[in-house]
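>
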Amino acid sequence: MTEPGKPRDTAPSDLDAPPKLKLAILTCMDARINLWDLFHLGLGDAHVIRNAGAIATPDVIRSLAASQRLLETEEIVVIQHTDCGIHRIAPTEFAKQVGEETGTVPDWTVPATADPYTTLALTLELLRAAPELKHRDKISGWVLDVESGELLAEGS
Ligand SMILES: [Zn+2]
65 MTEPGKPRDT
75 APSDLDAPPK
85 LKLAILTCMD
95 ARINLWDLFH
105 LGLGDAHVIR
115 NAGAIATPDV
125 IRSLAASQRL
135 LETEEIVVIQ
145 HTDCGIHRIA
155 PTEFAKQVGE
165 ETGTVPDWTV
175 PATADPYTTL
185 ALTLELLRAA
195 PELKHRDKIS
205 GWVLDVESGE
215 LLAEGS
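Residues in the sequence shown are numbered from 65 upward in steps of one, following our numbering.
#1: Compute every distance between the C-beta of Asp94 and the non-hydrogen atoms of ligand 1, then say whether any falls below 6 Å.
#2: Looking at the secondary structure, which residues open and close the alpha helix (DSSP H) in which Ser131 lies?
#3: From the DSSP secondary-structure annotation, give me the bridge partner or partners of Val112.
#4: Which full runs of the alpha helix (DSSP H) of 4+ residues lie inside the stretch 139-177, going along the chain?
#5: In this structure, how does DSSP classify Ser77 when only helix, strand and coil are distinguished?
#6: Under 7 Å, do Ala178 and His145 count as touching if we go by C-beta distance?
#7: State the CB to CB distance for the pair Pro82 and Leu128, rounded to an integer number of angstroms; the pair is presumed to be in contact (CB under 8 Å).
#8: Less than 7 Å between C-beta atoms, sequence neighbours within five positions excluded: which residues of the same chain meet that for Ala110?
#9: To the nearest angstrom, report how far apart Trp100 and Leu215 are at their CA atoms.
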């Protein structure tokens with residue numbers, strides 16, 4: 065584990081809140097995805113929104129709306145990936161299992177499939193149709209192959 069509070073070359077106080085690249089990235093929480101290396105990002109460059117599966121949930125759309133409307137971003141990049149943990153069980157089955165264990169079935173209906181390209185297409189469709197987003201003309205999607213490290217464009 066890295067040591068918290070370690071000094072950096074650039075302090076957050078040197079930066080403005082709006083990301084320098086006017087970019088927001090939505091990706092999975094998967095521990096193998098290193099966005100900073102993939103996109104050569106530095107502190108202050110982009111918003112990064114992560115959840116299980118890089119899914120366009122209502123809170124992701126809320127975050128992206130805030131990113132665009134309050135913090136000046138204009139572009140969205142979505143990164144799905146191969147071997148995603150969320151695909152190990154159907155979302156409805158996962159909610160059912162948690163419900164059996166806890167006595168409360170969570171409302172975890174998500175627009176996702178076991179195929180990262182199909183999930184990417186669903187996610188992009190939702191974002192491109194979301195009226196909450198101010199800029200919908202620069203939304204792209206990619207699938208990261210976690211074995212090769214290769215980024216594959218949507219539809220490839
Ligand atoms: Zn994942």
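Glycine is no exception: its CB is placed at the ideal position from the N, C-alpha and C atoms.
None of the values given here were measured: they were computed from a predicted structure.
On the basis of the supplied data:
#1: True, at least one ligand heavy atom lies under 6 Å from that Cβ.
#2: For Ser131, the uninterrupted alpha helix (DSSP H) segment begins and ends at Pro122 to Leu135.
#3: Its beta-bridge partners are Ile89.
#4: For the stretch 139-177, whole alpha helix (DSSP H) runs of length 4 or above, ordered along the chain, are 155-166.
#5: Note: Ser77 maps to helix in three-state DSSP.
#6: No, the Cβ-Cβ distance between Ala178 and His145 is not below 7 Å.
#7: Contact doesn't hold; Cβ gap of about 14 Å is too wide.
#8: If you ignore the 5 residues before and after Ala110, its C-beta comes within less than 7 Å of the C-beta of Pro83, Leu85, Leu87, Ala88 and Ile89, all in its own chain and listed in chain order.
#9: One C-alpha to the other measures close to 14 Å.
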